[in-house]
Structures are given as C-alpha cells and as structure tokens.
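Quick note: the sequence shown uses UniProt numbering, first residue 1, plus one each step.
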Amino acid sequence: MSDSSGNEATAQDLADVAIVRKYILDVSAALLASGEGHKDLLEAALESSTTAITTFINDPQCQDLFVSRTVTRDTSAENDSEDVSVSYSVSNEFSARTERTSSFCLLKRGTTIEGDKSVREQVMASFLDEGNFCETMRAYVGRIVAPAFKGYVKDTRRGERDGDKFVPTAEKGLNEFEVALLHMHQNIDIPEIVLSVNPAIQNVIDKAVSENRKANVGDLKNLVDDTNFLNQLQNGVNRWIKEIQKVTKLDRDPSSGTSLQEMAFWLNLDTALKKISQKCESEEIVLTLEALKAGKRFQATLSFHSNAGLKEARDMVDDYLGVMREIPLNSLMSATDLTILKKALNDVFTHLRKIRSSKYPINRAIKFIEAISRDLTAQMLKILGSRRLMYINLSDFEDLMRGCLLVFQAWDDENEKILIILRELVKKKREEGMKMSLRVNALHKKLETRLVNVKNFRLQHDHLCSVIQRVLPRYDLGEGASPTAESPIAAGSNALDLVVNAYNYVKEVDCLDVSAEGDEAWNAAQKRYETQIGHVEKEITSRLRDQLGAAKSANEMFAICQRYNALFVRPHIRGAIRDFQTQLIHRVKEDIESLQTKFTDGYTGSNAEKMSAALDIPPFSARIIWIRQIDSQLQTYVKRVEAVLGRGWENHVEGVVKTNDAILESSYVRSLLAIARVRF
C-alpha cells in the first residue's frame, strides 16, 4: 500500500505532458512554423508524439527530444510548377536528415522534468537549420562553441593558471574538429563503380563454391565456343573499361578549393583504385578474362588491361602520394595562434620538398602552393578576427603585427626554397614554357599589404595622439572659435578628442576585409580620418603661426618651435610655417658663422684669454674651457635646428646645407677636446 502511494507521489512530481507539449510548440513554432498552416501541422505532429514526449519527461536514460521539419519540393512536368510540402516529426533520437531538414533540439539538464519547476529552467534548446550538415556543424563550432570557449577562458583567466594545462589542448581539439568538418564538407566523392558479371559466369562460380572448389574455364564447357556468349562477355568487358575509366581518368582543378581538397582527392583516389584492383582480381573477373582467352578473344583481354589504365593510374597516384601523404595541413588549418601557424607553415613547406623525387606536375605544384596561400589567409583571418586590431592596446597590437610579419617572412623564405627546387626540375626535364609558370599568385599578399597599411596607420595615429597629449595637454582650440564651413570645430573642443573621434571612423571598418568592397570601405574611412585630422591641423597651425608672429625675439621663436616640433612630421603643419623656418635657420647660420670666426681667430689674444688671466686660471686649462664653451654653443645651435625642422632634420635640405659646416666644426672641436684631455 505504501509503495503504491510512493509511486503516485513520484508520478505527481513529474511535469504534465500537456504543459511540456505546449512549451515545445511555443518555442519551436517560431523557428519551424513560418509558413501558412505550418503551426497546425506542427501541433498535429506533437499531438501524435505523446510517447516520445512522455519518455523525454520521465526516462532518465532519454536526454534529448528532436522536432524536425523537412521541406519537399516536387516539380510538375506538365506546367513546370513547383509543389512545396512540409512535414514534421518528433523523436527521441537524431534521425537522418537532408539538406532541407531543420531540427529543434531540447536537452534535459537533469534526469527528469519536474512538475513544480518551469520547463524552461530544466531544458536547454538548440537549433540546426537546413543546409549541408557538415557546414552547419562547422559554423556552430567555429562561430559559437570555439569563440564562447575562448571568451570563457579569457574571462576566468583559466589559461593563465599553472594547473590548467588542458586549455590549449581543448582549443586545439576544437580547431581540429572544425578542420575535420571542413574536410568532410569539401571532400570530393570518388564514383563507386559496378562491374556487372555475366549470369553464366556467376552461376559457374556459385556452383564451384557449393562444391568447395575454385571455378575454372572447363566449367563453362561448350560456352567458350558460343559466339553469342563470347560477344556478351566482350561487351561486358568494354563496359568494365568505361566504368574503370570513370576513376582512372578522374581529375580536379587544383586552382580552386583548398589544399586539403587536393590532398584528400589523391588519398581517396588511391583508396578507390585499390578497391578496383581488388575487384579486378576477383574470381568473377579472372574467370571472364580466361573464358575470352579460351575463346581466342585476345583483343578483348588486352584492351581491358591497356585501355582501363588501372596500372598507370595506380603508379601515378603512388608517386603523387609521396608528396601528398602525411603533409601536415591539418596543423596549419587548426593553428590557434601565429607562433603555431608559423611552425605549421614551415613544416608544410619542409614536407613539400619531397616533390624533388616525385613526378607531381610542376604547374599543379604551383597551384597547390597557391591553395596553401589561400588557406593561410583564411587561418590568419580566423586568428586575427577575434582580436579586433583597431581596439586592442598598442603593445598587444605591435606583438600581433610582429607575429604576422614573422609568418609572412617564413612564407617568403620557404616559398623561395621550393621555387628553387621547381626551377631545377624544369631545367632537368627541359620542359618548354615552364619558366613562365613559376610564379606563385599568393592570395595572402593582399592581406600582408593591408596589415602593413593598418600597422603604419595605427602607429601614426598613436604617435599623433601621444604628441598632442604631450605638446598640447587639454589643448583648447580657442574660446572665440566657432564652427564654419572651413573649420567645423566647436568652441572649447579638445584637439585630442577630435583626433580620437576621427579614429572612430576607421574602427568601424573591418580592416581585415581585403575584397574590393573592403578596400573601398577602408580607403573611404582613411579619407574621412584625414579630413577630420586636417581640421585639427589647420587650427593648430593657425595658433602656431599666431604665436610665432607675436614672438618678440628669435629666442622666443626657437622656444615656440621646440614646443611644437614633434608635430612637424605632419606635412600640413610643416608647410604652413616654412617662412618662419627659413628665417630661423638663417639666424642659426649667422650664429654659426660668428662662432666659426671666433674659433678661427683663436684663443690667443681673445677676451677669454684676458679674462682667464685676470681670474688666475692656468693657460692650458683656460684653453680647454674655451674650447668646451664653443662645443657647447655649437650643440645649442644644432638643437635649435632640430627645434625648427623637427626630428630627422639631417635629411632636410635646409638642415643639410646650412648646418653642414656646424657639424664639421663640432667634430673638429671635439677632436681638439680629446687631444687636450690626453695631454692634460
């Protein structure tokens, strides 16, 4: 009696089937019942699946429930119209699906679904849309599971703990799983051939098997002299040749697809050829050929061995597999960072050197290398895509760029080594015209160019920000400034804020998109950035010119230039103060010439000698002091040149022409100082 009441209590604790069914209908209808009348069909399918839903609720061994929709399209031959029908199914097992099947999946969190809790709290939902299954699963792994795992590791900082050594293993496993799904999706199916056997041959073999012996030509008796029978066998052999040629003459274009597809093609072709060889060695095929020989149909047997091309195909594939087998492309496609990617790239090219001892076609090898370049581009985009290059801090950005450049350099080095091998093969085989094809059109070069562009842009922007922050802290563009058509900068705006706002134009663009549309978007964003920066430069230039114009002395002008000279790298600012630069450089030249005259006149008889004598300074020491003063004054003038022309003034035409004498004079003075120190 007590057991019965306990079972009733347990049953009452479970969720009601109607409640669970309504929850499934409400949730799955939004995903699966988009057409007219579809919700009624879905509801009917759920009503007829009470057993599956009940099992899902109360069976601890059943953790899943699948609601699937399959779309069927039938085209009428009479009026070319298309009839679309939709069917729904509910099951506790994941059933076979087509590319037009969508599935809504419920997974229990616990062992049963309890009645005192909401259904939503006790289940997890997932959705598999229609389409190629491998591609759909790869999208889930690559775009949801792997990024979510990386985000979890980053947020919890588990990857930084000494005890968590499985994080890299898990990341690598996810990447390898994604690559395997890609491999399955892109795999080229080799046609399965059927070698039909003549019924008489099959009957003879079956009889011999029943007698526990091997069939021979003698079992055919008078059939080997029957012209009709021999014609049937010969026609059958001709059909075999055509069937086998479907495989032996099969090829693919290596210029399309991935490097994995090229490798998989030869591996699968090798497997298919081995199966065909086994069929050709079967008792049915051997007996058929022996019967033709006995009937003096030698041409048919010779044609089978020569025209089918099986031996030649196997020899060719065996040779090519020396290059394709065990090439570490999976490591390249599953690399989780740039260091691993670089090592994988080196390993791939090291393996490719086996082409030296192979007959793998040179033109095909070039196309295969180009496919590797496409795969390298895809993997780099995958690694860099989650890092948000325009948002991360500068030190991390520079580390990434260094890693990218190392990968690109590794490609250049290894690719050149392979090309040297290919050139040697061309020369050895004397293949005409091959030299023209020894040029790899590497897709990743577009990405390399873009990354160099991004690097230069990012570094220039950060340099400009740091210079403005250092030179013009909280720089007010003027209380009286007002927005105009030429200067749309509001009063009280901060130069640094305006530069940062200009940078936002570029941040919004996908800097890794190297398509034609991506190039257009990137160039447009840079143009908007430069336009905004131009407004800031114009205001800074105006203030700089005003301050230089109001300066009361050359020393004051030098001080102003020294404050602003870090901004002289901007062509607009440098060009706007060219008149002042010429004036100040001329002043420096006059000072240098005056100092040079002073040095040429010498120490003897100078005011410095008289002053030193009055102060009772020893003559030799006084001369050293005088030389050091001249050297110090020369350095001051050189610093003034740098203040006026900015860093890199040595490459400036004004700096070279008008300070060359100063540099030479300074070198001469320093040599005198060195001699004086030795003597002293």
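All residues carry an ideal CB built from backbone N, CA and C; glycine is no exception.
Same chain only: Cβ atoms within 7 Å of residue i, ignoring 5 sequence neighbours per side
i: L41; result: V86 and Y88
i: D129; result: S102 and T136
i: A502; result: Y529, Q532 and I533
i: A284; result: Checking the displayed sequence, the identity of residue 284 turns out to be Glu instead of Ala. Hits under 7 Å: V197, I201, Q202 and I205.
i: F94; result: F66
i: S358; result: D319, Y320, G322 and V323
i: E43; result: L25
i: I57; result: L14, A15, V17, V20, T112 and I113
i: D462; result: L394
Under 8 Å between C-beta atoms of residue i and residue j
i: L25; j: T112; result: no
i: L422; j: I362; result: yes
i: L447; j: M380; result: yes
i: A410; j: L332; result: no
i: I372; j: V348; result: yes
i: E178; j: A146; result: yes
i: A525; j: V506; result: yes
i: F127; j: L31; result: yes
i: L498; j: V536; result: yes
i: T51; j: K172; result: no
i: V27; j: A170; result: no
i: L287; j: A215; result: yes
i: F397; j: R325; result: no
i: L260; j: L329; result: yes
i: V237; j: A139; result: no
i: V153; j: V167; result: yes
Member of the options whose CA lies at the smallest distance from the CA of residue i
i: S118; options: S49, R21 and Y505; result: R21
i: T339; options: R314, C404 and E36; result: C404
i: K275; options: P168, N393 and I193; result: I193
i: R543; options: A521, A495 and Y503; result: A495
i: H351; options: I418, M380, V286 and A313; result: I418
i: M316; options: L273, K293 and I285; result: L273
i: K249; options: A313, V209 and L302; result: A313
i: F298; options: N231, Q278 and R353; result: N231
i: V440; options: E414, R450 and Q460; result: E414
i: G131; options: T70, L464 and N212; result: T70
i: K221; options: T156, E290, E211 and V209; result: E290
i: P571; options: L464, I624 and A521; result: L464
i: E370; options: E424, K445 and T301; result: K445
i: L267; options: I327, D116, V217 and E424; result: I327
i: L425; options: I144, D412, Y360 and T449; result: Y360
i: G110; options: Y23, F104 and V123; result: V123
i: L46; options: G35, S68, S34 and E36; result: S68
i: T54; options: G37, G115 and G35; result: G115
i: V514; options: R450, N504, Q460 and A559; result: R450
Whole-angstrom C-beta distance between residue j and residue i, which should lie under 8 Å
i: D225; j: G295; result: 7 Å
i: T258; j: R374; result: 7 Å
i: C62; j: N92; result: 5 Å
i: V454; j: C511; result: 5 Å
i: L443; j: T541; result: Their Cβ separation, rounded to whole angstroms, is 43 Å, which puts L443 and T541 out of contact at 8 Å.
i: F149; j: L174; result: 7 Å
i: V90; j: S49; result: 4 Å
i: E243; j: L195; result: 6 Å
i: L310; j: C280; result: 7 Å
i: P254; j: K367; result: 4 Å
i: D64; j: L106; result: 7 Å
i: V247; j: P191; result: 6 Å
8 Å CB neighbourhood of residue i in its chain, flanking five on each side removed
i: S2; result: Note that S2 scores 44 on pLDDT, short of 50, meaning its location in the model is unreliable; the coordinates nonetheless yield the value given after this. Same-chain partners within the cutoff: there are none.
i: Q469; result: L496
i: L400; result: L338, L384, R387, L389 and I392
i: I241; result: S303, F304, N307 and A308
i: I573; result: E537, I540, T541, L544, Y564 and L567
Own chain residues within Cβ distance below 6 Å of residue i, not counting five before or after
i: S5; result: Only weak support is given to the placement of S5: the predicted model assigns it a pLDDT of 42, under 50, and the value that follows is read from those uncertain coordinates. Same-chain partners within the cutoff: there are none.
i: E176; result: S334
i: A550; result: none
i: G480; result: Note on G480: pLDDT 41, under 50, position unreliable in the model; the coordinate value appears next. Contacts found: none.
i: N229; result: It is worth fixing the name first, because residue 229 is Phe in this sequence and not Asn. Only L223 meet the Cβ criterion.
Restricting to runs no shorter than 3 residues, where is the beta strand (DSSP E) found entirely within the stretch 107-171? List check, beta strand (DSSP E) in window: 123-128.
**Q.** alpha helix (DSSP H) runs wholly inside the stretch 172-260, at least 4 long, in chain order
**A.** Correct list: 199-210 and 227-248.
Problem set entry | Contained alpha helix (DSSP H) runs [length at least 4] in the stretch 329-407, N- to C-terminal order | The stretch 329-407 contains these whole alpha helix (DSSP H) runs: 329-333, 338-352 and 362-385.
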